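Chemist: Line by line, the protein sequences give chains A and B. When we follow the numbering used here, the leftmost residue of the first sequence carries the number 1461, and every step to the right adds one. When we follow the numbering used here, the leftmost residue of the second sequence carries the number 1461, and every step to the right adds one. Take a look at the following structure, please.
Protein chains: 2
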Amino acid sequence: MKIYLAGPDVFLPDAVEIGKRKAAICARRGVSGFYPLDNAVDLAASDASLAIFKGNEAMMDAADAIIANLTPFRGPGADAGTVYELGYMAGRGKFCLAYCNDPAVYAERVGRIDRVTKSGNGHLIDSNGLTVEDFGLPDNLMMIHALDLHGAGLVTPRQRPADIWRDLTSFEACVAIAAGRASGRTA
Amino acid sequence: MKIYLAGPDVFLPDAVEIGKRKAAICARRGVSGFYPLDNAVDLAASDASLAIFKGNEAMMDAADAIIANLTPFRGPGADAGTVYELGYMAGRGKFCLAYCNDPAVYAERVGRIDRVTKSGNGHLIDSNGLTVEDFGLPDNLMMIHALDLHGAGLVTPRQRPADIWRDLTSFEACVAIAAGRASGRTA
């Protein structure tokens, strides 16, 4: 089984190292991890961003599954590029897995960065009056239920790990589910 | 042509009214707009979020195209649910359109909420040391180039409109592109 390894990990200073750790975990479990940075792109070229896109899309098209890192990135929810990729893979009918190293529900995450109150009709709103999703889910319902219906439910740790960007325990749990499916076992 | 109307518009206090305005613009241009809130969902039911997901996915599966509102939501980039839907529709091979009422490039948007500096090797990083995409694009490259390759380029106004959530000028430009395609003209 070929697995596309999506996540804001590519924005970390040690992005290449994280990718190697993830690929090694995949290999130990008998599956193959494809990491975006495996594509060689000349970042100085004028069309570098398009080359990155094409490389990532080709990797996704070649993969059987995705494991997306939905740990909150620059806000209360997951990284947009990663979410796009999860949607793309769901649309292509691929097996969708994801983890998130922050187990807090979405309303709590929004409350960390903004004032969340109850509106006149009883639902949660932020300081701009925009509704705050309050279904007890860790992130937007489209991603969470996509996983439930197109793969396996979001994997989260019981507690936020000390290093939210480098703890791969929940990632490895996803790999185990993928490996179980690849070998025909029900994970 | 049936168009799925994606966006954080559904979180506005006047979400239903915005949906009606968008559908009316579509009708005037001879195409059909499908708005998530057109699905009847009992929000008090215990499985409300799953019912919303299933309704939205069925709408997307029935649609030929998507017009996604990628105006920044609760952070420097687009709403996660909307981005998921854009990815899903790209994966399904549908015609992908989007607009964004904030024309600022991504690095500038991050600079509004965080300190952006140059790292030792010359690329932009935020206060956590995470890379800030610096390709001169308004949002994550996966969405922007998906539009270029699976539909038409992101539509943005020259200037941020006074009411960023209710100005539908750029939305209407997307509808015009869709209508042009529906009628066989090159938009």
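For every residue, glycine included, the Cβ atom is placed at its ideal position computed from N, Cα and C. The model shown is predicted, which means the values in this text are computed figures rather than measured ones.
Checking 8 angstroms against the spacing of the C-beta atoms, do I1527 (chain B) and A1638 (chain B) come in under that value?
Modeler: yes
Chemist: For a minimum of 4 consecutive residues, which ranges assigned as the alpha helix (DSSP H) are wholly contained in the stretch 1469-1512 of chain B?
Modeler: 1475-1488
Chemist: Between which two residues does the alpha helix (DSSP H) carrying L1609 (chain A) extend?
Modeler: L1601 to H1610
Chemist: Does any residue of chain E have a CB that is nearer than 8 angstroms to the CB of F1513 (chain A)?
Modeler: In summary, chain E is missing from the structure at hand, where the protein chains are A and B.
Chemist: Count the other C-beta atoms from every protein chain shown that fall within 10 angstroms of the C-beta of S1630 (chain B), then say buried if there are 16 or more, exposed otherwise.
Modeler: buried
Chemist: Spatial neighbours of V1635 (chain A) within its chain, please: C-beta separation below 6 angstroms, excluding the five flanking residues on both sides.
Modeler: I1485, C1486 and R1489
Chemist: Could you please tell me which residues of the stretch 1544-1559 of chain A, in chain order, have their CB closer than 9 angstroms to any CB of chain B?
Modeler: Y1544, E1545, L1546, G1547, Y1548, M1549, A1550, G1551, R1552, G1553 and K1554
Chemist: Would you kindly work out how many angstroms separate the C-alpha atoms of A1647 (chain B) and G1613 (chain B), rounded to a whole number?
Modeler: Because A1647 (chain B) carries a pLDDT of 46, less than 50, the predicted location of this residue cannot be relied on, and the following value inherits that uncertainty. Approximately 12 angstroms, taken between the alpha carbons.
Chemist: At a Cβ cut of 7 angstroms, what residues of the stretch 1470-1504 of chain A count as close to chain B, listed as they run along the chain?
Modeler: For the stretch 1470-1504 of chain A, the set of positions with a beta-carbon nearer than 7 angstroms to some beta-carbon of chain B reads F1471, L1472 and P1473 in chain order.
Chemist: Could you tell me how far apart the beta carbons of P1536 (chain B) and R1569 (chain B) are, in whole angstroms, since I believe they sit closer than 8 angstroms?
Modeler: Contact check for P1536 (chain B) and R1569 (chain B): beta-carbon distance about 4 angstroms, within the 8 angstroms limit, so the pair qualifies.
Chemist: With 16 other CB atoms within 10 Å as the buried threshold, where does G1596 (chain A) fall?
Modeler: exposed
Chemist: Would you tell me roughly how many angstroms separate the C-alpha atoms of D1507 (chain B) and L1601 (chain A), rounded to the nearest one?
Modeler: If you take the alpha carbons of D1507 (chain B) and L1601 (chain A), they lie about 11 angstroms apart.
Chemist: If you follow the alpha helix (DSSP H) that I1624 (chain B) is part of, which residue opens it and which one closes it?
Modeler: That residue, I1624 (chain B), is in no alpha helix (DSSP H); it is neither H nor E in DSSP.
Chemist: Checking contacts by CB at 8 angstroms: is G1535 (chain B) closer than that to chain A?
Modeler: yes
Chemist: Grouping DSSP H, G and I as helix and E and B as strand, with all else coil, what is K1514 (chain A)?
Modeler: K1514 (chain A) falls in the helix class under three-state DSSP.
Chemist: Can a CB atom of chain B be found closer than 8 angstroms to the CB of A1538 (chain A)?
Modeler: yes
Chemist: List the residues of chain A that A1429 (chain B) touches, going by C-beta distances under 8 angstroms, in chain order.
Modeler: The first residue shown for chain B is 1461 and the last is 1647, placing residue 1429 (chain B) beyond what the model contains.
Chemist: Give me the chain A residues within the contact set of N1600 (chain B), using Cβ-Cβ distance strictly less than 8 angstroms, ordered along the chain.
Modeler: Simply D1539, A1540, G1541 and Y1544.
Chemist: Which stretch, first to last residue, makes up the beta strand (DSSP E) that contains A1550 (chain A)?
Modeler: That residue, A1550 (chain A), is in no beta strand (DSSP E); its alpha helix (DSSP H) goes A1540 to G1551.
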